[in-house]
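In the working numbering, the protein residues as written are 626 to 786.
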């Protein structure tokens with residue numbers, strides 16, 4: 626798998642979010658950081674920064690867990706998780722995903738996104754919509770199976786709407 630991001634600041638390269646270390650403490654060297662400028666003490670982020678994981682093939686993605694940075698953890702509020710297919714078309718996102726009850730407007734250590742029956746995806750993208758944003762991730766974990774999504778015969782524990 627290959628990690629990339631819209632820009633890099635403070636040495637926080639994209640690969641840090643797939644190094645197996647979920648620590649959100651920046652100085653420990655395992656947290657990503659998109660670019661920013663600092664003018665007279667005012668820090669200015671970028672517009673719609675993103676972090677992307679290319680799985681280098683399609684897999685049945687069942688669950689994604691996004692680990693937040695510890696300091697200034699509120700900065701991740703409002704992020705959107707998107708899954709794209711082999712042709713880079715969006716097939717699932719956290720704001721419209723059928724099983725997403727995850728509130729990304731709250732600050733948490735981690736956010737877990739279950740995807741009922743899974744989706745066949747190649748790219749997992751975390752985007753922070755808006756201007757003057759800095760995206761900092763401790764880790765992104767993708768759970769799934771081989772290249773085929775098989776619907777489960779086991780009833781879901783989620784309430785139906």
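Glycine included, every Cβ here is placed at the ideal spot set by N, Cα and C. All values derive from a computational prediction rather than experimental measurement.
#### Entry: One or two residues paired with residue 629 in a DSSP bridge
Your numbering for residue 629 matches position 4 in the chain shown. DSSP output for residue 629 lists 677 as bridge partner(s).
### Message
Just list the residues that DSSP pairs residue 688 with in beta bridges.
### Response
For the purposes of this step, residue 688 is identified with residue 63 of the chain shown, where counting begins at 1. Note: residue 688 sits in a beta bridge opposite 739 and 768.
### Message
Within 8 Å, do at least three Cβ pairs link the region 726-737 to the region 659-676?
### Response
Contact fails: fewer than three Cβ-Cβ distances are below 8 Å.
### Query
Short check: CB of residue 765 to CB of residue 691, under 7 Å?
Residue numbering aside, residue 765 sits at position 140 when the chain shown is read from its first letter. Residue numbering aside, residue 691 sits at position 66 when the chain shown is read from its first letter. Yes, these two residues count as a Cβ contact at 7 Å.
### Message
Am I right that residue 705 and residue 719 are in contact with their C-beta atoms under 8 Å? What's the rounded C-beta distance?
### Response
If you number the chain shown from 1, residue 705 lands on position 80. If you number the chain shown from 1, residue 719 lands on position 94. Cβ-Cβ separation between residue 705 and residue 719: approximately 6 Å, consistent with a contact (criterion under 8 Å).
### Query
Below 7 Å between beta carbons: does that hold for residue 698 and residue 650?
The residue labelled residue 698 in the question sits at position 73 within the chain shown. The residue labelled residue 650 in the question sits at position 25 within the chain shown. Going by C-beta atoms, residue 698 is not nearer than 7 Å to residue 650.
### Message
Please state whether the Cβ-Cβ distance between residue 686 and residue 693 is less than 7 Å.
### Response
Sequence index remark: in the chain shown, residue 686 carries index 61 (1-based). Sequence index remark: in the chain shown, residue 693 carries index 68 (1-based). Cβ atoms of residue 686 and residue 693: not closer than 7 Å.
### Query
The beta strand (DSSP E) spanning residue 664 covers which residue range?
Position 39 of the chain shown holds residue 664. Going by DSSP, residue 664 is part of the beta strand (DSSP E) stretching over 662-664.
### DSSP three-state assignment for residue 733, whether helix, strand or coil
In the chain shown, the residue the question calls residue 733 occupies position 108. Coil at residue 733, not helix or strand.
### Query
How many whole angstroms separate the CB atoms of residue 746 and residue 684, which I take to be in contact at a CB cut-off of 8 Å?
Indexing the chain shown from 1 puts residue 746 at position 121. Indexing the chain shown from 1 puts residue 684 at position 59. Residue 746 to residue 684, Cβ: 7 Å. Contact.
### Query
Rounded to a whole number of angstroms, what is the C-alpha to C-alpha distance between residue 752 and residue 731?
The residue you call residue 752 lines up with position 127 of the chain shown. The residue you call residue 731 lines up with position 106 of the chain shown. For residue 752 and residue 731, the distance between alpha carbons rounds to 16 Å.
### Query
In three-state terms, what does DSSP make of residue 715?
Taking the first residue of the chain shown as position 1, residue 715 is located at position 90. Strand, per DSSP.
### Query
How would you label residue 637, buried or exposed, when you count the other beta carbons within 10 angstroms and need 16 or more for buried?
Taking the chain shown and counting its residues from 1, one reaches residue 637 at position 12. Residue 637 should be labelled buried.
### Task
Look up residue 727 in the DSSP assignment and say whether it is helix, strand or coil.
Your numbering for residue 727 matches position 102 in the chain shown. Coil at residue 727, not helix or strand.
### Task
Give the range of the beta strand (DSSP E) segment to which residue 706 is assigned.
Position 81 of the chain shown holds residue 706. From DSSP, the beta strand (DSSP E) with residue 706 extends over 705-709.
#### Entry: As assigned by DSSP and simplified to three states, the class of residue 683
For the purposes of this step, residue 683 is taken as the residue at position 58 of the chain shown. Here residue 683 sits in strand by DSSP.
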